[in-house]
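Read left to right, the sequence shown gives residues 5 to 697 (our numbering). Remarks on the structure that follows.
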Amino acid sequence: MSEVALRSKIIEHAEKIQPLCNNNNTYDNSSVDQWMELAAVTLKAEIIPTEWRYSETREMLRCIGPSLIQLPGASPLFLAVLKGGKRRVKILGPDLEKYSISREEVLKILTAPFQQAAAGSAARILERACIPEERIQASLQALVDEQLSNMPIQTGCWILRASPGESFHKQVLRSSVLPALIGAFGAHTVALLLMICSWWLIGKQALAGHFTYATVTAWSLILFTIIPFQLLDKWLQGLISIKIGELFKQRLLHGILQLEPEEIRHQGSGQFLGIIMEAESLSALALEGGLGAGLAVIQLIIATGILFTGAGGLPHAALLALWSGLTAYLCLKYYHRSKQWITAYQEMSNDMIEGMIGYRTRLVQEEPTHWHDQERTFLQNYVRMSNKLDSIALIIRGLLGRGWYLVGLLGILPSLLAKSNNSDALAISIAGILLAAQALAQLISGATSAINALTGSAQVLPLFNAATRSLKKKPHVMPSVLNQAASSQQHPVVSFQDATFCYPGAALPALSGCTGEISANSRILLQGPSGGGKSSLAGLLTGLRSPESGQLRLWGIDHKLVGPDLWRTKAVAAPQFHENHVITETFSFNLLMGRNWPPEPEDLEAALEICRELGLSELLERLPAGFQQMVGESAWRLSHGEKSRLYIARALLQHADLMVLDESFAALDPENFELALSCVLNRASALVVIAHP
């Protein structure tokens, strides 16, 4: 793309972004992060807010970029950094021209306000210390730097990068993988050619029946020359593996964050563990197999050409082609059997994990004589699939590689039996046979690794493909617009009209033609039988689900304009017990996971006050480390009622305009129920409580 076209594209996208300042040329500092996220959605990019300390500023300017740094001051001024450096920093000017400025100059701009604030007290200290005149300036700078070293820089900084959801092919091309790949193939090809030369040289002398000092010396030099090319090949392959593995895992993590609750709510722990195991090995197997098979194909092509010029001629080269075709056929058969084996393995692993988690229920409900019936069935199927897979793997790994030596020698047998054989041609043929054997061994190893990765990708591919959903997100309104609508209170908090929602694969909708509204400070009790759609409606109200038809508004603004992320900051829920979780982390983290982390002192004070109102003071006294006590399945376990109150506190601490409690009081005794209800009624703005009749 030309420079002019690139600038036009930037301007075109920039015109679609809502301005940060309002009509009075003022802006809200709290909305800058949201504005940055909105701009990133518009540009189909990803923006990551980051922070640093005063002492890290110089190092940050060396390695950061592309990024946006908010400059100190009252006006919203930003520095667009293209690339950092040790001495110079490349930036983008308002005219879209590239400039290079001194890193020290940028450092002064970012740190000058903080240095000026600290310089007064530091100067008074130096006056009392009687520092010589010529050393005052250096001492003052050193003292200021020491005083400010751990102070966080309050100006904002946002790192820009392409969205992990864009085409994986484009991500690979934009990274340093392609030059490394070309270099690896080049180094491998040169090493092969040198190896062929060494075989031809030593083979010719062996067939002649004598060795000369010059020949052995040349052969040794060629072997030593091969070493740096092989090292370069392996080093570049390692770089490729690391870079593609990084891109792959970033995309998987991004894909996980795009999944809807309905897509994972019915998956068990065994399936989650299987996904993690497959994702961990998939990238390594795929890269090892893909690179190995690619290099082996090049080696086979070279070996075919060598055999064609050798003593066997065209028939010998055709023999290698037929043997390669047999290898491909058996690898395809291995692929089909591997798919059957991985299915049996995943079923067995999932059943084992689910059985381990539900062992208490099995001990009580299941007859001891039938505890292992299902396991035996899965094991028998797994053993049968393993035997089939091992039989074809034995043929591929044991017969194809070693069998080629015999087949290759049969190809030059007529030349060996002939009285007028050409020693040079025989040497070339033998070199071709050895090279082909090496290529076949590498091809088999690479193909089996690639097949194992391909068959194991069934659970990972949905996450990989889900990453593209972020590119389909539409720009939403600024938080300030929603806050203004909330302040005016001209509309209800949430209103819905003829809303319809149907779960994927369901024949009938869970909600059909629902109409209603929830005003500010309202208190609503929602009752109904199980399966009546109460939780489905709660999902719509809190932005976890979107209606398939009808209207859904937050403060009078349509849900498509608000966007799910912003909606969930204004409407929160404490879901049902089986859909809410205590993460194995500190008690404070589980309380404040809906707010910024790490918490400020006022966050901890607010959490402590709510815990007291909910009757959790006794629990905090029992916890050895208080707020910092690790809780969860593998740590301090909370009772059912304690978890319920933790979930309520978690929702209250988010200070949302609407709070939905889905059967949150069901596990509480009368005393704690009164405490929790009083706390919720006093603190919640608009409240919806879902309960059974």
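Quick reminder that beta carbons are idealized off the backbone N, C-alpha and C, glycines included.
By the criterion of a C-beta distance shorter than 7 Å, Ala300 is surrounded in its chain by Ala443, Gln446, Leu447, Gly450, once the five residues flanking it on both sides are discounted. By a beta-carbon distance limit of 8 Å, Gly560 contacts His495. Their separation comes to about 3 Å. Nearest to Cys683 by alpha-carbon distance, out of Gln633, Gly630, Gly619, is Gly619. The straight-line gap separating the alpha-carbon atoms of Lys392 and Gln633 is approximately 51 Å.
In terms of Cβ geometry, Asp37 and Gly190 do not form a close pair [threshold 9 Å]. Between Gly645 and Asp607 a beta carbon distance of about 24 Å is seen, past the 8 Å cut, so the two are scored as non-contacting. Judged by beta-carbon spacing, Met482 lies within the 9 Å limit of Leu42, meaning their Cβ atoms are closer than that value. The Cβ atoms of Arg57 and Gly88 do not sit closer than 9 Å to each other. In the three-state reduction of the DSSP assignment, Ile68 falls in the coil class.
Between the stretch 164–172 and the stretch 128–144, the count of Cβ pairs shorter than 8 Å is below three; the stretches do not touch. When DSSP assignments are scanned along the stretch 422–510, the uninterrupted stretches of beta strand (DSSP E) that are 3 or more residues long and fall wholly within it turn out to be 498–505. Spatial neighbours of Val693 in its own chain (CB-CB distance under 6 Å, excluding positions within 5 residues in sequence) are listed in chain order as Leu529, Leu665.
Under a 10 Å Cβ-count criterion, Met597 is classified as exposed, with fewer than 16 other Cβ atoms of the shown protein chains found around its own Cβ. Annotated as distal: Leu330 and Ala321, with beta-carbon spacing of 9 Å or more. Taking 9 Å as the cut-off, the Cβ atoms of Leu656 and Ile614 count as close. In the DSSP assignment, Asp666 falls within the unbroken beta strand (DSSP E) covering 662–666.
In the structure shown, Gln555 adopts extended strand secondary structure according to DSSP, grouped into three states.
Cβ-Cβ separation between Gly213 and Gly314: approximately 20 Å, too far for a contact (criterion under 8 Å). Rounded to whole angstroms, the Cβ separation of Ile306 and Leu439 is 7 Å, and the two are in contact under 8 Å. In terms of Cα proximity to Leu595, the closest of Gln580, Pro605, Ala611, Glu604 is Ala611.
According to DSSP, Leu96 shares a beta bridge with Ala84, Lys102.
The residue from Gln658, Arg649, Ala660, Pro533 with its alpha-carbon nearest to that of Ser668 is Arg649. Gln658 and Arg599 have their C-alpha atoms spaced approximately 6 Å apart. For Ser516, no alpha helix (DSSP H) segment is defined; the enclosing uninterrupted segment is the beta strand (DSSP E) at 515–522. For Gln531, the enclosing beta strand (DSSP E) begins and ends at 527–531.
Counting only runs of 3+ residues, no beta strand (DSSP E) is found wholly inside the stretch 310–356. Bounds of any alpha helix (DSSP H) do not take in Arg165; it lies within the beta strand (DSSP E) bounded by 161–166.
Per DSSP, Ala575 is one residue of the beta strand (DSSP E) stretching across 575–578. Of the residues assessed, Cys67 falls on the exposed side of the cut-off, its CB having fewer than 16 other CB atoms within 10 angstroms.
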